[in-house]
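Note that the sequence shown covers residues 45 to 189 in the numbering used here. Each residue gets a CB set at the ideal place from its N, CA and C atoms; glycine is no exception.
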Amino acid sequence: RNGDRDPAVATLERRLQNLNYFQGQAPDNTYDNFTEAAVRNFQDLNSLLINGVATVTTQERLYSDAAVPNSDNGGNPNPPSTGQQATVTTPDGTPAIAFTGPGFDFDLAGDVPSGTVVTLTGQEDRNWYELQDGRWVYGDYLTFN
């Protein structure tokens, strides 16, 4: 879970990376916000309880042949226009994590509560969308209005 430090975390992150969930950061021994977000995405697409914790059930699915990979190719063929609005929508109602740039390798820029209507700049990079306030949110957490 978030805050844990263990070599097993790097193994978990590598498996998530192989399934296209853990992107933009090198696997390490720290279960941080990036790892938690990747686990949440994995749980969501694999119809598991979404809590961001690598539970026994989550790990059993993750390391099995039944694990559903993330099919997001990292881009939107029809990017949003400047000024377009979107609603932040997370599967479990928790806030979406925002970053200072398009990816997990950028600094944290705070949270955006689920249900918040945001205005986009029109900038999109690998399914990351820039908000008018300069923060970036992963596209899986946006419903375009």
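Look up A140 in the DSSP assignment and say whether it is helix, strand or coil.
If DSSP states are grouped into helix, strand and coil, A140 belongs with the strands.
Which of the three DSSP states is assigned to V156 in this structure?
V156 falls in the strand class under three-state DSSP.
To the nearest angstrom, report how far apart V191 and P51 are at their CA atoms.
Outside the shown range of the chain (45 to 189) lies residue 191, about which nothing can therefore be said.
For the alpha helix (DSSP H) holding F78, just list the boundary residues, first then last.
Per DSSP, F78 belongs to the alpha helix (DSSP H) from 77-89.
Around the C-beta of P157, are 16 or more other C-beta atoms found within 10 angstroms, so that it is buried, or is it exposed?
It counts as exposed.
For a test of the three-state rule: what should DSSP assign to A130, helix, strand or coil?
A130: strand per DSSP, three-state reduction.
Among Q61, Q103, G47, which one has its Cα closest to the Cα of F148?
With distances taken between Cα atoms, F148 lies closest to Q61.
Using DSSP with H/G/I as helix, E/B as strand and the rest coil, what is D169?
Strand.
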